[in-house]
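K.L.:
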Amino acid sequence: MGENGAGKSTLIKCLSGSVQHDGGTVEVDALCLPKGNIAAAEAAGIVALHQESTAFPHLGAIDNIFIGRELRRAPGLLDRPRMRREAQLLMERLGERIDVDRPLEDLSLAQRQMVGIARALSRRSRLLILDEPTASLSARETQTLFRILRQLQAEGVALLYISHRLEEVYALADRVTVLRDGRLVGTHAIADLGRDALVRMMVGRELLDQEESERGTADGEIMLEVRGLSRQGEFADITFSVRAGEIVGLAGLVGAGRTEVAAAIFGIERAEEGTVHVQGKPLSQGAVRASIASGVALVPEDRQHEGLILPLSVADNLLLSVINSLTRFGFRSRRKERASVEKSMRALSVKAAGPGVAVNTLSGGNQQKVSLGKWLATEPRILLLDEPTRGVDVGAKAEVYRLIRSLASEGMATLLISSDLPEVLALSDRILVMREGRLAGELSRSEATEEKILAFALPDGGDSRMETGRSAIPHDGNAAI
Amino acid sequence: MNDSATEATSSAGGTPNRAVSTVLHRLASQREYAVLALLIGTLGVVGAFNPSFLSGGNLRDMLVQDAPIVIAACGLTFVVLLGEIDISIGSSMGLLATALGLLCSPSHSALPVWIAVALTLLLGTSIGFLNGLMVTFGRMPSIIVTLGMLTVLSGVNLLLMNGKWITDLPQGLRYLGVGTLLHVPICLWAAAAAVICAVLLARETPLGRRIYAAGSNPDAARMAGLSVWKLKLFAFTLTGFLTAVATIVSVPRLSVIESGVGQGFELLVVTCVVVGGASISGGRGSVIGSALAALLLGLVRPMLIFLRLGVSATYWERAIEGAFILLAVLADHLARRTRKEPHR
Amino acid sequence: TRPPTGSASGSNSGGSVQISSGAGRRVKICLLPKKKGLAYFSSCNDGAEQAAKELGDVDLIYDGPSDGAPEKAASLIETWTLKGVDAIAVSPNDPGVLAPAMKAARAKGVNVLTWDADGQPDSRAFFVNQATSQQIGAALVDTMAKDLGGAQPSGKVAIVTATLTAANQNEWIAAMKEELKKYPQIELVTIKPCNEDQSVAFQVTQDLMKTYPDLRGVFGISSVSFPGAAEAVKQAGKTGQVLVTGLSTPNNMKPYVMDGTVKSVVLWNTQDLGYLTIYAAEAIATGKLKAGATTFTAGRLGAKKVQGDNILLGDILIFTKDNIGKYDF
Amino acid sequence: MTTPIIDAEAVTVTKSRSGWAHRLTLPTRQECVLLGLLIGTLLLAGRLSPDFLTSRSQLELSTHVWELALLAIPMTLIILTAGIDLSVGSTMALCAVVFGIAVHAGLPPLVAALLSLLVGGGAGALNGIFVAKLRVHPLIVTLATLAAYRGIAEGISLGRPFSGFSDSFTFLGQGSILGFPVPGIVFLIVLAVAAVMIGGTPLGLSLSAIGFNETAARYSGLAVARIKLLLYTSSGLAAGMAALLFVARRNTAKADIGTGMELDVITAVVLGGTSIFGGRGRLFGTVLGVLLIHEVREFVSWQWNRDELNLVVVGTLLILSVLADSLLSPKKR
Ligand SMILES: Nc1ncnc2c1ncn2[C@@H]1O[C@H](COP(=O)(O)OP(=O)(O)OP(=O)(O)O)[C@@H](O)[C@H]1O
Ligand SMILES: Nc1ncnc2c1ncn2[C@@H]1O[C@H](COP(=O)(O)OP(=O)(O)OP(=O)(O)O)[C@@H](O)[C@H]1O
Ligand SMILES: [Mg+2]
Ligand SMILES: [Mg+2]
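This is the structure we're talking about:
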């Protein structure tokens, strides 16, 4: 276990040979594995399911499962029938009925994840490594997976399981190892370790500011009003409003459609039905520029692909969304640009060698600050934040929280999308919960608890939660808070 | 790229309704079918106007003409599947033709035909291998490498030929171009063999599936333990080899090897591969699609003659060819838009 | 292998005589083909090199666009003009495109002459005339008519040309259409380009024969389209039934002439053409040949007639089964 | 922010080097390689053939390159956005033929020229619509229009040439002002406009952003589709201008002009260091690339009189310079 960016995934990559480690050795049966050699690791029986999608979107489940160690009938020829049979068997064992020929890009996130798990299970492994396998799974799917894992455990397979969900760890693990900032904090038998102790190991200090802000209930002007927003297959009939100075949390499981709603409000994708009003004026659909002009900003979820342009400099990134307004007679004004960049960097205390360095040399937290700064530079009155602290370290997280609060107190209408329930609870004045593309419920600040949010968010209404050991903290929930 | 719809039907195992929708889904999702429909439609229309267009003889002649394109496209498909491109095949073909001619013409090296053929295959394979080396070890974009090679090889070809065409091709060599086996021209055997091998390679071998995988998601492929560079090297080398095969079975059909052999061939083959449904960014594409596109684009020129449109229509030939490509792409785009898929 | 048209093949003494006027100064002559790499032009260059060697005082440059782009030929003329060569002999692939460059060269004192194909009259001093477009067009049609036989030759014919924009071929086609008026029974059904690709010429001819089953003749009017068309006829087994004629060096077409697919090949002696061009260029550059001259002695070719600004090579040759064996170029 | 942690270092760096501005002035590695090759070529030329290097020769020879140079400008910008335009040569032919037909139909040259530019812009815009609005890969779109535009040029002209344009028009291609060729002046004006647009307006940054990461560019509110449409249209316009220059210089308009031009242009742009994957590239590099190709070509023609050699040399140059850049670059792909 460990916080975001603690180095868990990187360690796994070293073990499985897909990243070369600088020092130390990996030994299997007292034999040292060569560095950065995937084949050797596989031969030694190490099988890993990596966190980021290692799927081949154009290929079907059969190929995804067997690529790299295909079943052959004659030399050089695939044994397709046997591969299909085994693939189907595996998927059935995982409780998924899918067309194993269908390209993965046509499957749902959870189904894709199941294919990945099937791939890991298909290998004859002695050490099976799973890196956050349940992040996008429903309770039922998680349950099935756990049954299989216990079975493997009984067969003598060693399991290395990475998760942010304390419940899963307690349900499955014998021992727990905690990493922090790329270092080993310690390994303990699970039985000896209470939850609080475990969390302390991960965070490295007592829980950070839980300060409830002293802001009064927001009763400002309605800044953002969304009515009946729908797009087929993604979300339906989304209606809510956000007032000036209010922080509205939007919670839900991965794949609930929150990102799509935010993107539709901002105009990245056009909604099929419904309207968005900003301060009572209708916002034209599918027009990002119009949204920016009316004071809406979206800090997207995926900063590497949507938020930032990694090879460009910090300055260029900070300018990107405002560059058209920092002009004089249509020409760029270096003076205005410099002022804007300096303001953003100072306001967010971005740590970089200078504004001219490429963003991809920055740490994740600083990248996220640049992403935030880029949007704050447009001087928005409505801020849509999609997972603003994903992959951000504790210190930076606290800064981001403070920033969000201070913006709100200055009158910013904020929609906060987060899978980090404590975060939602700590920041929001009001919490909306989405389930399968629909608004499933609304909770006021005073009545909201993690249990209540989850009851709205889980597909099966949270009933199966206790038996599967699904934690009160869903995907990415930072257990520390 | 996927297995046939029948297999899907059986494997879906669900209600017939679901199977039908799976088949329809595939139909809409694959460029092959747009190309095939256009191909059949064109054959039908022109055939209705002039039935001799559909005569066995004409169909065979058209296939013979398309054979070298199909053969080269079989190789290029794999290169494009890996997200790379090879535009050197035109000049490569020219140089290989000259080499083949010089090696076996009695007034030059006068080697036995089979040795000349073997050496030509070796040369073609080496050119492909060199392209692959520069792309993988040189870490250069393939479009630049092969653009450079396109120019270099055509220069080398001209210097080698030195303005003297090769007119005295030995009978043994001509047989490769004009001869038949069981009443079927040799080049059709070669094209059929190339297509069958390429389809088998793509669908039934680990190598082929790995090429799809590496093109679909190179990082994931590396994590799965595949050597992406080896796959690329293989695809370029295969393309070089198949270009040599295409040269060997098509050039001896004519009595003279001249300096312009292969000119513009590269664009033709690239066009066929992309019209056949391959995605420029890799991962998507099929040998059958490329081959069908070659047949489709091969219809344009004969079509205009068989329609007896007269002299002025001749001048619109290229415009119609361009329109055909746009049509195939548009048809696919429309089918794709209904499914909200990203562009290729 | 001496070409029979080459009269006075031994008289290469002219070279040494002429050197005296140059007083040791070398004459730089550029020979520009339409497209470098064509066997036709290479064999012209063989003759040109022979002439240069005989003349002794000539530095011969043979270069041209290897893709046949007229634009690049014009660029070469400009480069040569800058280098200060004495004479440029141009075979214009496109007289219109080349004219400004040729005129500019003349304005800067370079002697410009055309050979193989004529340019715009004011863009050159002389034209080494082996045949005009009219003559070529007429010769092609007349040969076809003769081969078709009969008092009133009849039947459908088609033309397979180089590209639709090839200036020379288009001039020939115009002349052919003119000449075809003499034979009302011969019907020109279509004109198809082969894009300078032999296999396209082959395919087009195949398709023409299928579309017009009563097709009697095909003109292959570029050195690439001719063998392609002949091969198509031969492979279709229509030798003798569909006649192919066109312009080509005899070596390329020998097999087809011998087996009867092609009855006649129209051309001239290419080596003599190159040879005469260099002699003429040297004479113009050294002032021996001036406007108004009526004859001009060109080495082994002897005295050649000059008509106005045209230096005449001689008649167009028709190669047939009977005489083609005597030529090797 | 209540307690901002001011990063002193960051701020000082901003002031001393003015951040992004310094990026624009230093030559890149690839540009240094090109400069080296260019100087090498010129030194060699100076030794072997001093006449080649005289200003008269250079000015005269420069007339061969202006159309290529002109087309390279929009091509750089297109490749910068990770696009490509293979149809420029064909668009040139189409514009030339339209101009020829219009003049022969009795329109005044000025009107005909405008018409021809309009057609060029339209042809480019059609590419742009396919690329930007329908989001078809530009390689496929322009591969199709590469055939289609030349086909239309052949169709409407029936392969005939049009010539005999007035002197006032041919001045555009053949004339010179103060000893400098008019086409060169046209190129320099276009280059200046493009350079100001790229360096001085938000467009430059937008192009890089689109090339590196189109999604993020869209999230940033950049008008991606409109910019692409603009680029492809301007590429068509440039092809129209190049066509007019060509027609004026050679006094002939025909459907076969500009054949193979697209590959020459792309070669020059890529040689100039513009990344074929988009994002990276500068007009300065493109100018160097064009210059190097031009000088090498002209010198090889001048010195060795072998057109075939030119092909070998230019192709090798392209491969070697990109290889050198790739080997010198520290990062792994
Ligand atoms: N190739 C690399 N170069 C530089 N930094 C890297 C590289 N790979 C990983 N990192 C950094 O190392 C740190 C550890 O990342 P890693 O993905 O292992 O974290 P994690 O513990 O798996 O986090 P999460 O819980 O978010 O999955 C991160 O800060 C990451 O940005
Ligand atoms: N049932 C489903 N079938 C297919 N694809 C799905 C399904 N559910 C979600 N997805 C896809 O999964 C991805 C994640 O969904 P989305 O981003 O809307 O989730 P979210 O609620 O924002 O979650 P988070 O922000 O926590 O990742 C989207 O690309 C969506 O299209
Ligand atoms: Mg991780
Ligand atoms: Mg999301």
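Chains A, B, C and D, in that order, give the protein sequences.
Take the first sequence: its position 78, counted from the start at 1, is 78 in this note's numbering, and no numbers get skipped.
Take the second sequence: its position 283, counted from the start at 1, is 764 in this note's numbering, and no numbers get skipped.
Take the third sequence: its position 109, counted from the start at 1, is 934 in this note's numbering, and no numbers get skipped.
Take the fourth sequence: its position 75, counted from the start at 1, is 1229 in this note's numbering, and no numbers get skipped.
Positions of the beta carbon are idealized from the N, C-alpha and C atoms, including for glycine.
Here the structure is a predicted model, which means the values were calculated and not measured.
(1) What residue range is occupied by the uninterrupted beta strand (DSSP E) comprising residue 131 of chain A?
(2) Closest to residue 296 of chain A by C-alpha separation, out of A/20, A/278 and A/308, would be which residue?
(3) By the DSSP assignment, the alpha helix (DSSP H) with residue 920 of chain C in it spans what residues?
(4) Going by C-alpha to C-alpha distance, which of D/1402, D/1196 and D/1268 sits closest to residue 1327 of chain D?
(5) Under DSSP, the alpha helix (DSSP H) around residue 1284 of chain D begins and ends at which residues?
(6) Is it the case that the region 552–570 of chain B contacts the region 619–626 of chain B, given that we only count it when at least three CB pairs across the two stretches are under 8 Å?
(7) Measuring only the C-alpha atoms, how far is residue 19 of chain A from residue 13 of chain A?
(8) Am I right that residue 413 of chain A and residue 229 of chain A are in contact with their C-beta atoms under 8 Å? What's the rounded C-beta distance?
(9) Let's test the definition: count the other Cβ atoms within 10 Å of the Cβ of residue 516 of chain A and tell me whether it reaches 16, buried, or not, exposed.
(10) On a CA-only basis, which of A/430, A/79, A/77 and A/149 is nearest residue 93 of chain A? Give me that one, please.
(11) Quick one: Cα of residue 1267 of chain D to Cα of residue 301 of chain A, how far?
(12) Leaving out the 5 sequence neighbours to the left and right, which residues in its chain are closer than 6 Å to residue 344 of chain A when beta-carbon positions are compared?
(13) In this structure, does DSSP put residue 1019 of chain C in helix, strand or coil?
(14) How about the region 663–672 of chain B and the region 544–560 of chain B: do they share at least three Cβ pairs that are nearer than 8 Å?
(15) Below 8 Å, how does it come out for the region 685–699 of chain B and the region 56–70 of chain A: are there three or more Cβ pairs, yes or no?
(16) Is it true that the CB of residue 1079 of chain C sits closer than 9 Å to the CB of residue 1136 of chain C?
(17) With distance defined between alpha-carbon atoms, name the residue in C/1004, C/970 and C/930 nearest to residue 958 of chain C.
(18) Using a C-beta to C-beta distance shorter than 7 Å, which residues of chain B count as neighbours of residue 1021 of chain C?
(19) Name, please, each residue of chain C whose Cβ falls closer than 9 Å to the Cβ of residue 1281 of chain D.
(20) Return the Cβ separation of residue 1037 of chain C and residue 1014 of chain C in integer angstroms, given the expectation that the two are a contact with Cβ distance under 8 Å.
(21) Going straight from the alpha carbon of residue 457 of chain A to that of residue 416 of chain A, what length do you get?
(22) Tell me the residue span of the beta strand (DSSP E) that contains residue 1132 of chain C.
(23) Comparing C-alpha positions only, which one of C/1002, C/1097 and C/892 sits nearest to residue 1126 of chain C?
(24) For chain B, check one thing: does any of its Cβ atoms lie closer than 9 Å to the Cβ of residue 58 of chain A?
(25) Please list, in chain order, all residues of the same chain as residue 267 of chain A whose beta carbon is under 6 Å from its beta carbon, the five residues on each side excluded.
(26) If the cut-off is 7 Å on Cβ atoms, which residues from the region 645–666 of chain B count as contacting chain C, listed in chain order?
(27) Could you tell me whether the region 254–263 of chain A touches the region 336–343 of chain A, where touching means 3 or more Cβ pairs closer than 8 Å?
(28) Using the Cα positions of residue 305 of chain A and residue 405 of chain A, report the straight-line distance between them to the nearest angstrom.
(29) Using a C-beta cutoff of 9 Å, does residue 1050 of chain C count as contacting chain D?
(30) Taking the alpha-carbon positions, what's the residue 806 of chain B to residue 1253 of chain D distance?
(31) What separation, rounded to the nearest whole angstrom, lies between the Cα atoms of residue 1363 of chain D and residue 1370 of chain D?
(32) Could you confirm whether any beta carbon from chain B is found closer than 9 Å to the beta carbon of residue 898 of chain C?
(33) If you run the structure through DSSP and keep just helix, strand and coil, what is residue 1176 of chain D?
(34) Just verifying my parser: in three-state terms, what is the DSSP assignment at residue 566 of chain B?
(35) Residue 18 of chain A versus chain B: which residues are under 7 Å apart at the beta carbon?
(36) For residue 889 of chain C, return the contacting residues in chain D, with the cut-off set at a CB-CB distance below 9 Å.
P.N.:
Reading from the atomic positions:
(1) 127–131
(2) A/278
(3) 920–932
(4) D/1402
(5) Unbroken run through residue 1284 of chain D: none, as it is neither H nor E.
(6) yes
(7) 5 Å
(8) Between residue 229 of chain A and residue 413 of chain A the Cβ distance is about 17 Å, and since that is not below 8 Å, they are no contact.
(9) Past the boundaries of the shown model lies residue 516 of chain A; chain A is included only from 1 to 481, so the question cannot be answered.
(10) A/149
(11) 51 Å
(12) 318, 373 and 377
(13) coil
(14) yes
(15) yes
(16) no
(17) C/1004
(18) 741
(19) Correct list: empty, because the minimum Cβ distance to chain C is about 23 Å.
(20) 6 Å
(21) 16 Å
(22) 1128–1132
(23) C/1097
(24) yes
(25) 286, 287, 288 and 291
(26) 645, 646, 648 and 659
(27) no
(28) 27 Å
(29) no
(30) 27 Å
(31) 8 Å
(32) no
(33) Unreliable placement is indicated for residue 1176 of chain D, whose pLDDT of 38 sits below 50; the coordinate value is still reported in the next sentence. In this structure, residue 1176 of chain D counts as helix in the three-state DSSP scheme.
(34) coil
(35) 703 and 704
(36) 1461
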